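Data block below; observations after.
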Amino acid sequence: QVQLEESGGGLVQSGGSLRLSCVPSGSIFGINLVGWYRQAPGKQRGLVAIFTSGNSTYYADSVKGRFTISRGNAMNTMYLQMNSLKPEDTAVYYCRGTNFYGVDYWGKGTLVTVSS
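Under my numbering, the first residue of the sequence shown is numbered 108, with each subsequent residue one higher.
Structure follows, in structure tokens:
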């Protein structure tokens with residue numbers, strides 16, 4: 108089994124920064140960490156940032172220029188650097204990974220709360 112664990116969430120004032128991390132554990136061979144998603148209260152989970160083909164990146168318009176997705180050197184950790192945070196960024200943030208067969212894995216999420 109594969110588990111993904113997010114960390115780094117917390118309470119921050121508007122304009123502040125946080126860095127989220129995603130680390131896989133278990134049967135991680137062949138797991139590709141692909142992106143970050145978030146779910147605000149009362150809303151559906153939505154895309155924040157992902158790696159696309161060729162290791163390019165794609166960002167939701169709402170975070171473009173403020174958030175940066177990256178991977179560790181060993182490709183077994185994924186990060187989301189979040190700068191200039193706004194109250195509307197408040198959400199539970201999830202990382203997503205996939206295996207060779209296209210099966211998705213999700214972490215349990217980490218809560219980010221941005222106060223105004």
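Beta carbons: idealized from backbone N, C-alpha and C, even for Gly.
Please read all numbers here as calculations on a predicted model, not as lab measurements.
Membership of Asp-196 in any beta strand (DSSP E) is not indicated, and neither H nor E is assigned to it by DSSP. As computed with DSSP, Pro-148 is found in no beta bridge at all. By the CB criterion at 8 Å, Met-185 and Leu-125 fall outside the cutoff. One alpha carbon belongs to Leu-187, the other to Ser-223, and they sit about 21 Å apart.
At the C-beta level, Tyr-201 and Gly-209 stay beyond 8 Å of one another. DSSP links Tyr-186 through a beta bridge to Ser-128, Ser-177. Spatial neighbours of Glu-113 in its own chain (CB-CB distance under 8 Å, excluding positions within 5 residues in sequence) are listed in chain order as Leu-127, Ser-128, Cys-129, Tyr-200, Tyr-201, Cys-202, Gly-214, Lys-215, Gly-216, Thr-217.
Taking 8 Å as the cut-off, the beta carbon of Ala-147 is found no closer than this to the beta carbon of Val-155. Looking at the DSSP output, Tyr-166 bridges to Ala-156.
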